[in-house]
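Inspection log for the structure reproduced underneath, given as structure tokens.
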Amino acid sequence: EAYITLILKEGTDQQQIKNYRPISLLNSDYKIFASILAERLKRYLNNFIHPDQNGFLPKRQIRDNIRIILDTLEYYEAHPEKQMALIFLDAQKAFDNVNWRFMLLQLAQMGFGKKFIQAIETIYYQQSAKIMINGELTESIDINKGTRQGCPLSPLL
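To convert, note that position 30 of the sequence shown is 30 in UniProt numbering; the numbers rise steadily by one, no gaps.
Right, here's the structure in full:
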């Protein structure tokens, strides 16, 4: 069971709820186990994720996108007869909306072993959490989708 608390995003208005992000406070055993699984997952994800997608993977930094954008702009500046479009996507609430069944099926489709998938399934099925508000905990809430913010596996899944 996780405890969920809200953290104010830096430099934002504390009166706006949208400026807070939830983070799951998890026990150390969970974090160690999830970190081991995350390290194993990282070894293979570069084989499945397009090279232009950066962030959260070894040797792929989000800042690399800046170079790609500059190169693209320079190319089209030198070739004005060409058409260009730049699209930036930010899947809002992406962590909160991951379908577990789809996630596990996708891992199987990618060729990950049954035991590895079962280990991830163990972490994600039958989740519950209590929300911490002003130092007080709510009753336990069942969670049926999404990845935990604060979990080492979440950005990879």
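Heads up, the beta-carbon is just placed ideally off N, CA and C, and yes, glycines get one too.
The Cβ neighbour count for S24, taken over all protein chains shown within 10 Å, is at least 16; the residue is labelled buried. At the C-beta level, L6 and Q14 stay beyond 8 Å of one another.
Assignment of T5 by DSSP, reduced to helix, strand and coil, places it in the strand class. In the DSSP assignment, I143 falls within the unbroken beta strand (DSSP E) covering I141 to I143.
A contact is defined here as three or more CB-CB pairs under 8 Å, and the segment 107-115 fails this definition with respect to the segment 81-99. Under the three-state reduction of DSSP output, E136 falls in the strand class. When DSSP states are grouped into helix, strand and coil, S154 belongs to the coil group. Of K130, I133 and E121, the smallest CA-CA separation from F33 is found for E121. Pairing A2 with R148 gives a Cβ-Cβ distance under 8 Å.
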